[in-house]
Every structure is written in C-alpha cells, then in structure tokens.
Amino acid sequence: MVIARPEIRECEELKQPQRFKTRDGIVAGRKGDFAITAYGVERYPILRDIFLGAYEEIGRVGDDIVAKRLIHVRRAWEVLDDNATFDYGDGRGKVAVPRGSWLYQSDETDFGTTHYEVKHAGHVEAGAEASMSGIDWGGRRDRWVLMLGMLPCVLSLLALCAVLAPTIAPSWSWLAQALICLEVALLVAGGIAVVAIKRQRWMLKACVQSALDLGREFQAAARLLGQPESTHFPGMALWRAAQSPQPVSTADAHNLLQSLKAALAGRLHRLRQSMEQAHRREFLARWLTVAAVAVVLAANVSLIRGSHSVLAEFAVIWLPTVVAAMHGFDLRRRSAERLAAMRAFADELRFVQTRLYEREGASVEERGAVLVLLCRAAARYGQHELQLALAVEAPLPV
Numbered sequence: 028m029v030i031a032r033p034e035i036r037e038c039e040e041l042k043q044p045q046r047f048k049t050r051d052g053i054v055a056g057r058k059g060d061f062a063i064t065a066y067g068v069e070r071y072p073i074l075r076d077i078f079l080g081a082y083e084e085i086g087r088v089g090d091d092i093v094a095k096r097l098i099h100v101r102r103a104w105e106v107l108d109d110n111a112t113f114d115y116g117d118g119r120g121k122v123a124v125p126r127g128s129w130l131y132q133s134d135e136t137d138f139g140t141t142h143y144e145v146k147h148a149g150h151v152e153a154g155a156e157a158s159m160s161g162i163d164w165g166g167r168r169d170r171w172v173l174m175l176g177m178l179p180c181v182l183s184l185l186a187l188c189a190v191l192a193p194t195i196a197p198s199w200s201w202l203a204q205a206l207i208c209l210e211v212a213l214l215v216a217g218g219i220a221v222v223a224i225k226r227q228r229w230m231l232k233a234c235v236q237s238a239l240d241l242g243r244e245f246q247a248a249a250r251l252l253g254q255p256e257s258t259h260f261p262g263m264a265l266w267r268a269a270q271s272p273q274p275v276s277t278a279d280a281h282n283l284l285q286s287l288k289a290a291l292a293g294r295l296h297r298l299r300q301s302m303e304q305a306h307r308r309e310f311l312a313r314w315l316t317v318a319a320v321a322v323v324l325a326a327n328v329s330l331i332r333g334s335h336s337v338l339a340e341f342a343v344i345w346l347p348t349v350v351a352a353m354h355g356f357d358l359r360r361r362s363a364e365r366l367a368a369m370r371a372f373a374d375e376l377r378f379v380q381t382r383l384y385e386r387e388g389a390s391v392e393e394r395g396a397v398l399v400l401l402c403r404a405a406a407r408y409g410q411h412e413l414q415l416a417l418a419v420e421a422p423l424p425v
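Residue numbers (the numbering used here): 28 to 425.
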C-alpha cells in the first residue's frame, strides 16, 4: 500500500475529447474528465469520479481549476516485466509501462500506472496490505511511545543510583557496575526499538489504519448521498459524496440511518475517551511541573546554605528529567494538534447527531445537507490522521 502525498495542482474540466502525451504514452481524455498538471510539466486525464474523490477544489475561474490532491491510500504493485503494457479501456488508450513503475488501484474499479521516475516523488510506501490487518497498530504505537518517552527518566535514575551506591557503602561497587550495564543495555534496546519502529513504519501504519477505519464507519452516509460504499478506499466515497451529493431515497434508508446513528454514537464515545485521556496527561504534567519546581528550588536553597544532602542532589538532577520525560510523552506537540482536530470533529458529529434525531421524518433533500457535512467532516479528520502519518517519527530515547 502507498499513500499519495498532498499537492496543489492545476486542473481543467474537459469540454471535449482530448489526447495527452504522458510519460508512458498517449492517453485520451473524454468530455467531463479532468486534465491534471502534475510535477510542473506533465498533463494527463483522470475520470470525473476519481477527481471528486481524490481532489478538493480550492479555486476556479471558468474551466481552469486549482485543486489540492488529497492524501489517500492506494494499492500498488511494482511492474517486473520489461514488456508490460496497460490498457485504460473505453478507448482511452494503451500504454507501455517501464519496468520498476507501479500499477496502482485508487478506487474500487479505477486502475492506473505511475512512472518509476516520479513514483516516490508523489507517494510514500506504507507496507504490504496484509500487514495492515490483524494488528492494532494504534495500540502498539501508544505503548511503545510511552515506553520510549519514559526511558530517559529511567536511564538517568540508573546512572544516579550507580554514582551514589559506592558513597553509601564502598562494598556496593558491584551494584554500581551492574546498574551501568543495565543502563547501557536499555539504551541500546531503546535505539534498536526506534530503528525497528521507523523501518516497519509503525506510526504511519497506525495513522493509515485509523483513517481507513474512520472512513468505513460512515459509508452509510455516502450511500444516502448516492455514492456506492467502498471497503478498501472509504475516503474516496466520502469526498465524492461531500463534493457531488445526490441524495437518494432507498428501500433500506431506515436501516442505513440507524447504522449511521450507531456509528456516530460509537465514534463520539471514543473521541470523548481520547480527549479525557489527553486532558489527564496535561493535568498530570502541569502539576508535576509545579511540584518539581518547588522541590528543586528548596533543594537548591539547601545546597546554597551548605547542607550537602545526598537526597537534595538526587532531586536536583533527577526530577527535571522526569518533567522532561512527561512533557515529551506521546509527542506532546503532535498530541496537542490531534486534540484540537478531535474537538472540532466531535463538535461536528454532535451537530449531525442532533439534526438526524430531530429530523427523522425530514425529506431526502433536507437530510442531504446534514449528511454532506458529516461526509466532509469525516473525510477531513481522516486527512488529518493521514497527515500525521506523513509527519510523525519515533524519537531517539536520549
């Protein structure tokens, strides 16, 4: 699986058929398709449905459009044959695909190719699709971030104990050596863990998994807005529903609404839990800071007066490390950004939840506006999760 990077691109809605010379060959664009200018020079056509699912229009004058390519997940397979070709179908053209390029799938029925010269310029590899299922990457990430965040504190404690042990009892020199050996072993293990986390892309997989799960939860809203649901590319369905809604009344509309209400309640509950945990961490960090500052000041005053207490020296050196570890826990700055996104998303979900219950007998059109908001809110929050996937890295525990 790969993640398409966000980019601002020039686009044009085609009013008549047009042929494009791409890196791989001639591809035909049909009326209603969109022509994309990528990497500054290359132009190629994409289907209207794919444009609505993978791009967000941010400016338009006539047929000329400026759009942002959204971060979205794709399946990709590397081409291993020197004589591979790809047929776009429906008279759109057949092109040669060089060895090392990608054959990709971006929607349930949409396939294409990415030239080997630009595939890494516009994508980040997330790993095999099989590795994304069966493992709770988010839980694994949180546990290891906690352990790595607290490791500097533990290392400082071991070093201080190793220094103090011989001063308490000269016969404890063996204990000092054992503590230093343990400190070295933990530091090496922490470094190996960071390398493993980066190589296996734990952070990225956790965020991708979170975004995909979120999109799947609200596929009922996309169906009520006239879009087929998607299992592997749920974000595409949500963006299409948000940008080109066609509210429909289906035979199973009641069941879809009930499942949507259940999804809203479940997601709000999980958001509330996550925000409460974040607030508890902030509260603990704030008061631990205040307490540590008070103890360090008292210890320093004691040292200035000439009372060289082993306990005072211990507090002066070690407690600031504890505070630093607490403030570095869970990548605090990223956590704060995520908390702000959670609050905004929770507010939007509460609004949608209230309107769906207040207007149970509303017409298809009245209900459509609320569902468009839901699809856009869920899609944007999924974008935030994927943005974290491209930005977050595990820190070295020193």
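No residue lacks a Cβ here, since even glycine has one placed at the ideal position from N, Cα and C.
Quick caveat, the model's predicted, so the values are computed rather than measured.
Check                                                                                                                                                                      : Outcome
Excluding the five sequence neighbours on either side, which residues of its own chain have a C-beta within less than 6 Å of the C-beta of Arg-403, listed in chain order? : Ala-269
List the DSSP bridge partners of Val-100.                                                                                                                                  : Ile-30
Do Cys-180 and Leu-206 have their C-beta atoms closer together than 7 Å?                                                                                                   : no
DSSP state of Val-425, grouped into three classes?                                                                                                                         : Residue placement at Val-425 is poorly supported in this model, since its pLDDT is 45, which falls under 50; the coordinates are not used for a value here.
With a threshold of 16 other CB atoms inside 10 Å of the CB of Gln-410, please say whether the residue is buried or exposed.                                               : buried
Which same chain residues end up closer than 8 Å to Trp-199 when comparing Cβ atoms and leaving out the 5 residues on each side of it in sequence?                         : Ala-192 and Pro-193
Suppose you measure from the CA of Leu-283 to the CA of Ala-155; what does that come to, to the nearest Å?                                                                 : 32 Å
In whole angstroms, give me the CA-to-CA distance for Thr-112 and Gly-149.                                                                                                 : 22 Å
In whole angstroms, give me the CA-to-CA distance for Gln-304 and Tyr-115.                                                                                                 : 49 Å
CA-CA distance, Leu-415 and Cys-234?                                                                                                                                       : 7 Å
Would you identify the three-state DSSP class for Val-317, choosing helix, strand or coil?                                                                                 : helix
Relative to the C-alpha of Ser-257, which residue among Arg-386, Asp-240 and Pro-272 is closest?                                                                           : Asp-240
I'd like the list of long-range same chain contacts for Leu-97, defined as Cβ closer than 7 Å, with 5 residues on each side in sequence excluded.                          : Pro-33, Ala-81, Tyr-82, Glu-83, Trp-266 and Gln-410
Thinking just about the alpha-carbon of each residue, which of Ser-128, Lys-95 and Gly-120 is nearest to the one in Trp-104?                                               : Ser-128
Using DSSP's beta-bridge definition, name the partner residues of Pro-193.                                                                                                 : Paired residue(s): none; Pro-193 is not in a bridge.
Decide yes or no for the touch test of the segment 295-304 against the segment 245-260: beta carbon pairs closer than 8 Å, at least 3 of them.                             : no
Could you check whether Asp-134 and Phe-260 sit closer than 7 Å to each other, using their CB atoms as the reference points?                                               : yes
Measure from the alpha carbon of Val-93 to the alpha carbon of each residue in Phe-78, Arg-101 and Arg-102, then state which is nearest.                                   : Phe-78
Go through the segment 125-199 residue by residue and report every complete run of the alpha helix (DSSP H) that reaches 4 residues or more, in order.                     : 146-149 and 164-195
Rounded to whole angstroms, what's the CA-CA distance from Arg-243 to Leu-182? Just pull it up for me.                                                                     : 43 Å
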